[in-house]
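Asks:
If you want it as structure tokens, here you go:
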């Protein structure tokens, strides 16, 4: 062995399973050529839960956060949208109330209340951003559900 050869590179062994046409677990053998191929990839659709209660509606609202291809029943839409609207209104109402207390209270307001107010100021926009995507996808899932139930659109 010469001094320029590296002994750790001589017997390198590569073992991996490459996907084939017969492999059902392979996403795509040839890879994706365009963005449309990614969208058209077959994914199982999550069925709608017909008699969803409040907790199931909220669970599916967040559980299917980025899944716009699934289905959502009317009950899921009502509970999910109710949660999103009510919680967002409560968050911003809390923010406005705390702002009025801090600004009108002067030095009588405790430092703990001021710190909590600043926390709410930081959390409120994040709250809104976190709830935008599942709300849009909930509406898309409901539209998928309606198209699935009545393909003619009657």
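Residue numbers (our numbering): 3 to 156.
Yeah, the Cβ is synthetic: ideal placement off N, Cα and C, and Gly gets one too.
(1) Check whether the Cβ atoms of residue 122 and residue 83 lie closer than 7 Å to each other.
(2) Three-state secondary structure (DSSP) at residue 163?
(3) Alpha carbons only, please: which of 152, 75 and 67 is nearest the one belonging to residue 133?
(4) Using a threshold of 7 Å, state whether the C-beta atoms of residue 135 and residue 86 are closer than that.
(5) How long is the line joining the alpha carbons of residue 149 and residue 92, rounded to whole angstroms?
(6) Does the beta-carbon distance from residue 108 to residue 81 come in below 7 Å?
Replies: For this structure:
(1) No.
(2) Past the boundaries of the shown model lies residue 163; the chain is included only from 3 to 156, so the question cannot be answered.
(3) The shortest Cα separation from residue 133 among 152, 75 and 67 belongs to 67.
(4) No, the Cβ-Cβ distance between residue 135 and residue 86 is not below 7 Å.
(5) The straight-line gap from Cα to Cα measures roughly 34 Å.
(6) Taking 7 Å as the cut-off, the Cβ atoms of residue 108 and residue 81 do not count as close.
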